[in-house]
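Asker: Heads up: the sequence shown runs through residues 216 to 580, numbered per the numbering used here. All residues carry an ideal CB built from backbone N, CA and C; glycine is no exception. Only a predicted model underlies this, so the values are computations on that prediction, with no experimental measurement involved.
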Amino acid sequence: MTTDPANASGAEAQPRAADPQPRAVDTQPPAADPAVARYLAWLQGSRKLAEHTIRSYRRDLTALQAHAARHAPGFALLTLQTRHIRAFAARMHGEGLAGTSIARTLSAWRGFYLWAAQHGLGVQANPVDGVRAPRSGHRLPKALSVEHAVALVSHAGGTDAAALRDQAVWELFYSSGLRLSELVQLDVRYEKLDGYESAGWLDMSGAELTVTGKGSRRRTLPVGSKAMEALRGWLAVREQLLRPGAAPVDACALFLGARGHRLSMRVVQLRLKEQAIRAGVPADVHPHMLRHSFATHMLQSSGDLRAVQELLGHASISTTQIYTSLDFQHLAKVYDKAHPRAGRAAPAKDDDEDDHDGSASSLKD
């Protein structure tokens, strides 16, 4: 997502030409509504949502407060009506926010009003019900070719501690299809001490790892041999970045930054872009692209959508099915080669057909 809904409703560099009157620039976010603060505390305490998920809800509800303050003066947050919500959604669309992002924001707002109604805060009808996000084009996730994925993760960046750490990070992304948030939460092993408990951890002896994904769903994943080799190289030098007396959140972390703190998501994003340039990968690479590549290449090799669903941690098979669209070109090539009566022109040989990771060259049931 390239646009933050909280920012989309906040300050603008200049008024849009389409607006009849210039809008004042509001540089300060609205003070947290007491009901919003209670709701976020409930999500964290009762729903046990992860901190990064709570931050997303906070951004979306801050955006709601900003819209209300600017475009519905005189209406308290809990008295907003459907016409207000529909107007807010239209404004977000006009500011360039994608339909999928608006839908996610509306979902967060809908959940807030549902909670308010259930907890006796005077909400008689959910104002978000019936409000639909504008439709946007169906975008397929971008995946690297097998050739580029292997080049990216196997290109050595050096022999110092940071380079060995990065090598383990890239291999683990592609080996296990992790989300960025899942990777940075990993600990060296499971720990429960001093009020701290691991959300994700590595099991070197079993060549597997456990992560807590969306909806606090926990899953265990295999780790490939190349990733295990890279992890052993990193763990041999990890203590070089470990700070004496570090708090458990840092001391237990599998991946550490230069100052001994748990590796941040932003650092991973920036280092991956640098790695892609060094490896000569002609794409704007981000961590989720490696997750998409993992899913696409697994589907090409196995054809087992259910297995890919489990590995990715998708709650619904419909979420995973998007990769069947992404994989159509590969399947068409397989059909042309394998079916005795395909009757189609033979496709030109693609470099990706010289499999670099054992992808199948025949269609499997």
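#1: Within the same chain, show all residues whose beta-carbon is closer than 8 Å to that of R301, passing over the 5 residues directly before and after it, in chain order.
#2: Rounded to whole angstroms, how far is the Cβ of A491 from the Cβ of L367, which I believe are closer than 8 Å?
#3: Which residue or residues does DSSP assign as beta-bridge partners of Y411?
#4: What does DSSP give as the partner residue(s) for E423 in the beta ladder?
#5: Mind checking whether H299 and P349 have CB atoms under 8 Å apart?
#6: With a 10 Å radius around its C-beta and 16 neighbouring C-beta atoms as the bar for buried, classify Q382 as buried or exposed.
#7: Let me confirm a value: D402 is counted as buried when at least 16 other C-beta atoms fall within 10 Å, else exposed. Which label applies?
#8: Quick check on V240: does DSSP put it in helix, strand or coil?
#9: For the alpha helix (DSSP H) that contains S508, what are its first and last residues?
#10: DSSP on A468, reduced to helix/strand/coil?
#11: Quick check on DSSP: helix, strand or coil for L359?
#12: Using three-state DSSP, classify D275 as helix, strand or coil.
#13: Secondary structure at D381, three-state DSSP: helix, strand or coil?
#14: By Cβ distance below 7 Å, which residues in the same chain neighbour S508 in space, the five residues on each side in sequence not counted?
#15: Opposite D184 in the DSSP bridges: which residues?
#16: Ignore the nearest five residues each way along the sequence and tell me which others in R325's own chain have a CB closer than 8 Å to its CB.
#17: Buried or exposed for W416, please, with buried defined as at least 16 other CB atoms from any protein chain shown within 10 angstroms of its CB.
#18: State the Cα-Cα distance for the pair P497 and Y538, rounded to the nearest angstrom.
#19: Between E397 and G428, is the Cβ-Cβ spacing less than 8 Å?
#20: Compare the C-alpha of D248 against each of D275, L457, G260, T268 and name the closest.
#21: With a 10 Å radius around its C-beta and 16 neighbouring C-beta atoms as the bar for buried, classify E266 as buried or exposed.
#22: List the residues that DSSP assigns as beta-bridge partners of R394.
#23: Would you tell me roughly how many angstroms separate the C-alpha atoms of A331 and A250, rounded to the nearest one?
#24: Go through its chain and collect everything with a Cβ distance to P502's Cβ below 7 Å, but skip five positions before and after it.
#25: Helix or strand or just coil, what does DSSP make of G558?
#26: For R477, which of helix, strand or coil comes out of DSSP?
Answerer: Based on what the coordinates show:
#1: V346.
#2: Indeed they touch by this definition, with Cβ atoms about 6 Å apart.
#3: For Y411, which the question treats as bridged, DSSP gives the partners L408.
#4: According to DSSP, which records beta bridges pairwise, E423 is partnered with D418, P437.
#5: Their beta carbons are not under 8 Å apart, which means H299 does not touch P349 by this criterion.
#6: Here Q382 is buried, its C-beta having at least 16 other C-beta atoms within 10 Å.
#7: Burial check for D402: the Cβ neighbour count within 10 Å reaches 16 or more, so the residue is buried.
#8: Low local confidence applies: a pLDDT of 35 at V240 is under 50, so the model's placement there is unreliable, with the coordinate-based value given in what follows. Residue state, collapsed to three classes: coil.
#9: Where S508 is concerned, the enclosing alpha helix (DSSP H) starts and stops at 502-517.
#10: In the displayed model, A468 falls within a strand according to three-state DSSP.
#11: In this structure, L359 counts as coil in the three-state DSSP scheme.
#12: Under the three-state reduction of DSSP, D275 is assigned to helix.
#13: Correct three-state label for D381: helix.
#14: Within the same chain, S508 has close Cβ partners A358, L359, A364, Y389.
#15: Coverage of the chain is limited to positions 216 through 580, which leaves residue 184 absent and any answer about it impossible.
#16: If we look at R325 and ignore the five residues flanking it on each side, its Cβ neighbours are N341, V343, D344.
#17: With 16 or more Cβ atoms within 10 Å of its Cβ, W416 is classed as buried.
#18: Rounded to the nearest angstrom, the two C-alpha atoms are 22 Å apart.
#19: Pairing E397 with G428 gives a Cβ-Cβ distance under 8 Å.
#20: Of the candidates D275, L457, G260, T268, the one whose C-alpha sits nearest the C-alpha of D248 is D275.
#21: By the Cβ neighbour-count rule, E266 is exposed, with fewer than 16 other Cβ atoms within 10 Å of its own.
#22: Answer is none; R394 lacks a bridge partner.
#23: Rounded to whole angstroms, A331 to A250 spans 8 Å at the Cα level.
#24: In its chain, beyond the 5 residues on either side, F388, L395, V483, Q484, L487 have a beta carbon closer than 7 Å to the beta carbon of P502.
#25: In this prediction, G558 has a pLDDT of 48, which is less than 50 and means its spatial position is unreliable; nothing more can be read from the coordinates.
#26: In the structure shown, the three-state DSSP call for R477 is strand.
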